[in-house]
Amino acid sequence: MKRVLLTTAPKEALIEPDGVGGNWYDRTDTYMAWTCAVDLDDRLSVTCPPTGLRFIKHNVPDVEILEYPTWQEYLDALHSEPWDMVGISFYTWSTPVAIEMAKAAREAEVPEIWGGNYGVLTPDIDEHFTRLVKGAGEAPIHEYVYGTPLPRVRHPAMTGQSGFRGISSPVGYLYSKRGCNIGCTFCSTPVFNPKEEAIFMEDTYAALDAYKDAKVAHVIIYDESFFLTNSLAEQVVDALAERELPWICLTRADLIRGRIPELTDRYMDGAIVGIESYRDKNIADVKKRDDVYNVRQTVRELIDNGRRALGTFMVGFAEDSVEDMRYDIEQLGEEGLFACQLTLLTPFHRTRLYRQMEHLVDEPDLSKHDLYNLVWKHPKMNRSEARDLLAWGQRRVNDPDRIAAQLKQEMKDKVRKEFTRRHAAQQAAPSGPVS
Numbered sequence: 000m001k002r003v004l005l006t007t008a009p010k011e012a013l014i015e016p017d018g019v020g021g022n023w024y025d026r027t028d029t030y031m032a033w034t035c036a037v038d039l040d041d042r043l044s045v046t047c048p049p050t051g052l053r054f055i056k057h058n059v060p061d062v063e064i065l066e067y068p069t070w071q072e073y074l075d076a077l078h079s080e081p082w083d084m085v086g087i088s089f090y091t092w093s094t095p096v097a098i099e100m101a102k103a104a105r106e107a108e109v110p111e112i113w114g115g116n117y118g119v120l121t122p123d124i125d126e127h128f129t130r131l132v133k134g135a136g137e138a139p140i141h142e143y144v145y146g147t148p149l150p151r152v153r154h155p156a157m158t159g160q161s162g163f164r165g166i167s168s169p170v171g172y173l174y175s176k177r178g179c180n181i182g183c184t185f186c187s188t189p190v191f192n193p194k195e196e197a198i199f200m201e202d203t204y205a206a207l208d209a210y211k212d213a214k215v216a217h218v219i220i221y222d223e224s225f226f227l228t229n230s231l232a233e234q235v236v237d238a239l240a241e242r243e244l245p246w247i248c249l250t251r252a253d254l255i256r257g258r259i260p261e262l263t264d265r266y267m268d269g270a271i272v273g274i275e276s277y278r279d280k281n282i283a284d285v286k287k288r289d290d291v292y293n294v295r296q297t298v299r300e301l302i303d304n305g306r307r308a309l310g311t312f313m314v315g316f317a318e319d320s321v322e323d324m325r326y327d328i329e330q331l332g333e334e335g336l337f338a339c340q341l342t343l344l345t346p347f348h349r350t351r352l353y354r355q356m357e358h359l360v361d362e363p364d365l366s367k368h369d370l371y372n373l374v375w376k377h378p379k380m381n382r383s384e385a386r387d388l389l390a391w392g393q394r395r396v397n398d399p400d401r402i403a404a405q406l407k408q409e410m411k412d413k414v415r416k417e418f419t420r421r422h423a424a425q426q427a428a429p430s431g432p433v434s
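For reference, each letter of the sequence shown is one residue, going 0 to 434 in numbering that gives the first Met the number 0.
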C-alpha cells in the first residue's frame with residue numbers, strides 16, 4: 000500500500016488581506032467573499048470544507064489529508080514520514096503557492112507529486128508535477144494506493160458553519176452528481192470535469208441521516224445545476240423532505256420557475272441562481288440558457304414565497320461602460336436578494352471565454368485570477384475602477400439589515416410551522432379510555 004499525503008493550499012494563501020473594499024477575507028468562506036466590502040460585523044459567513052479531499056478520504060481511507068494547514072504544518076507533515084506521493088489541491092489563484100509546495104515536496108525527496116483541482120488547467124503547470132488529475136480524484140488515487148479500481152464513489156458527510164452577526168448554525172453539503180457539460184463559456188467545469196457522475200441514493204441517504212443527527216440548519220446542494228437531471232433531483236428532494244431537512248441549491252432559473260410553492264412545501268429554503276447580467280446580449284454571449292426577464296421572474300417567485308433568493312452576477316462585459324454597470328447594479332440592489340456574489344468577468348484558462356479573450360489577458364500574476372480582480376484589457380474600465388465598482392456594488396446589493404429581517408422572519412416561520420406540526424400530532428393522537 001502506498002503512503003499518500005494530500006493537502007490544500009496553506010492558510011497563508013487562503014487569507015486575502017486586501018480584498019474588495021480593502022478588507023480581508025477568508026477564501027474558504029463563501030459568503031465572506033461575497034460580502035467582503037461590508038463592515039466585518041455585518042458580513043455573512045458560511046465555511047466550507049475542501050469537498051474534493053473529503054471525497055477522497057472517504058473513498059480512500061488510508062490517505063492522510065491536510066485541510067487548510069499553515070505553511071509550517073505542511074512542511075512538518077512533509078518530513079514526518081517517507082511519502083510515496085504528495086498531492087496538492089489548488090485553484091488558479093493559488094497556483095503560485097502550489098508551485099512552491101511542489102518544490103518543497105521535491106526537496107523532501109518525495110518521488111511523486113500530483114496536482115488536482117481547477118488549478119491543473121493552468122498552462123505549463125505540468126512541469127512542476129509528476130501527474131495532473133482532472134476531475135474527481137478518488138478513482139485514480141484509489142488505484143494508486145491499493146492497486147485496484149474504485150468499485151463506486153461514496154458520499155461523505157461534510158459540514159460547515161453558517162453565521163451572521165454572531166449567530167451561527169451548522170450546514171451540510173451535498174452533491175447528487177458531480178461535473179457539468181452545459182457549456183457556459185465562462186465556466187471551467189465543462190473543461191475540468193465534463194462527465195456528470197451521479198451519487199448512489201443509498202449514499203445520499205447516509206449523508207442526509209448524518210445531517211439530520213447533526214441538526215443542520217439547512218443542506219446546501221452543490222451540484223453545478225441541480226434539477227438538470229430531474230428524476231435524480233426529485234429523489235433527493237423527497238429524501239430531504241422525509242427528514243424535514245431544509246435545503247438550498249445551485250440551479251438554473253428556468254429549472255425551478257413555476258415550482259417554488261411546491262418546492263417550498265418540500266422544505267426548500269432557497270436557491271442560488273445565475274443572474275449574471277441584466278442585458279440579454281451579455282447572457283447570449285456567455286451561452287446562458289435563459290433570458291433576463293425569466294430569470295428576474297424566478298427571483299421574484301422565490302421572494303414572494305419567502306425563500307432565500309441568492310444570485311451570482313458578473314460585471315465587466317466588454318461593451319458595458321462603468322455607468323452601464325452601475326445602473327445594472329442599482330437594479331440588482333432593488334431585487335431584494337438575500338445575498339449576491341458580484342464578480343468581474345474573468346476568462347479562466349482553457350474555457351471558451353479564454354479562447355475568445357486570450358489576446359486581451361494582461362495580468363501575469365495568477366493570484367489575481369480570482370473573480371475579484373480585472374485581469375484583461377477592458378476598453379472602458381481600468382483595474383482600479385473595477386475594484387471600486389465591485390466594492391460599491393457589494394455594499395449596494397448585500398444589505399445587512401435586509402438579511403437580518405429575512406432571518407428573523409424565517410425564524411418566526413419555523414417556530415410557527417413547528418407549533419402547527421405539534422398541534423396536528425396532538426390532535427391525531429388517540430384519546431385515553433373514557434372512565
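Just so it is clear, CB atoms sit at the ideal spot from N, CA and C, and this is done for glycine as well.
Subject >> Three-state class that DSSP yields for A428 in the structure shown >> reply: coil
Subject >> Option in R242, P193 and E233 with minimal Cα separation from L207 >> reply: R242
Original post:
My guess is that E223 and V152 are in contact by the Cβ rule of under 8 Å, so how many angstroms apart are they, rounded?
Top reply: With 8 Å as the limit, E223 and V152 do not qualify as a contact, their Cβ atoms being about 17 Å apart.
**OP:** Would you give the residue range spanned by the alpha helix (DSSP H) that A209 belongs to?
**Re:** M200 to D212
Subject >> Bridge partner(s) assigned by DSSP for L331 >> reply: L331 is not bridged to any residue.
Original post:
Between which two residues does the beta strand (DSSP E) containing W246 stretch?
Top reply: W246 to T250
**OP:** Output the boundary residues of the beta strand (DSSP E) element that contains T311.
**Re:** R307 to V314
Original post:
Using the rule of at least 16 other Cβ atoms within 10 Å of the residue's Cβ for burial, across every protein chain shown, is S434 buried or exposed?
Top reply: Residue confidence is low: S434 scores 42 on pLDDT, short of 50, so the model does not pin down where it sits. No coordinate-derived value is stated.
Subject >> Whole runs of the alpha helix (DSSP H) within the segment 125-204, excluding any shorter than 4 residues >> reply: 137-145 and 188-191
**OP:** Kindly provide the ranges of any alpha helix (DSSP H) runs that are 4 or more residues long and lie completely inside the segment 270-298, ordered along the chain.
**Re:** 279-284
Original post:
Can you tell which of E334, S230, G146 and G20 has the C-alpha that lies nearest to the C-alpha of Y277?
Top reply: E334
Subject >> Three-state secondary structure assigned by DSSP to G18 >> reply: coil
Original post:
Mapping DSSP to helix, strand and coil, what is T7?
Top reply: coil
Original post:
Quick one: what does DSSP say A76 is sitting in, helix, strand or coil?
Top reply: helix
Original post:
Under the rule that 16 or more other beta-carbon atoms within 10 Å means buried, what is V144, buried or exposed?
Top reply: buried
Subject >> Selection from D279, A424, S175 and N372 that minimises the alpha carbon distance to L231 >> reply: S175
Original post:
Mind checking T419: buried by the 16 CB within 10 Å criterion, or exposed?
Top reply: exposed
Subject >> For W33, three-class secondary structure by DSSP >> reply: helix
Subject >> Proximity winner among I14, Y204, N180 and G51, relative to K194 (alpha-carbon distances) >> reply: N180
**OP:** Would you tell me roughly how many angstroms separate the C-alpha atoms of K10 and T27, rounded to the nearest one?
**Re:** 9 Å
Original post:
From what residue to what residue does the alpha helix (DSSP H) around W391 run?
Top reply: R382 to V396
Original post:
For I220, which of C183, P122 and Y172 has the nearest alpha-carbon?
Top reply: Y172
Subject >> Inter-residue Cα distance where the pair is W435 and I198 >> reply: Absent from the structure is residue 435, since the part of the chain shown begins at 0 and ends at 434.
Original post:
Taking just the CA atoms, how far does P16 sit from D25?
Top reply: 9 Å
Original post:
If you follow the alpha helix (DSSP H) that E357 is part of, which residue opens it and which one closes it?
Top reply: Element bounds for E357: n/a, residue is neither H nor E.
**OP:** With distances taken Cα to Cα, identify the nearest neighbour of D290 among I259, A252 and E318.
**Re:** A252
Original post:
Of all the options K367, C47, Q426 and D123, which has the alpha carbon lying nearest to the alpha carbon of A156?
Top reply: C47
Original post:
Buried or exposed: T69, going by 16 or more other Cβ atoms within 10 Å of its Cβ?
Top reply: exposed
Original post:
For the candidate residues A308, M324, P169 and A32, whose alpha-carbon lies nearest to that of G442?
Top reply: Any question about residue 442 goes unanswered here, given that the chain covers just 0 to 434.
**OP:** Compare the Cα-Cα distances from R42 to each of N192, E261, V235 and G162 and report the closest residue.
**Re:** G162
Subject >> Spatial distance of F89 from H422 (CA atoms) >> reply: 51 Å
Original post:
In whole angstroms, what separates the C-alpha of A283 from that of F226?
Top reply: 22 Å
**OP:** Please report the residue range of the alpha helix (DSSP H) in which M0 lies.
**Re:** Note, M0: premise wrong, no alpha helix (DSSP H); not H, not E.
**OP:** Just the C-alpha distance for V215 and R164, rounded to the nearest angstrom, thanks.
**Re:** 18 Å
Subject >> C-alpha gap between P148 and N192, whole angstroms >> reply: 19 Å
Original post:
Rounded C-beta distance between L389 and V19? I'm assuming under 8 Å.
Top reply: 5 Å
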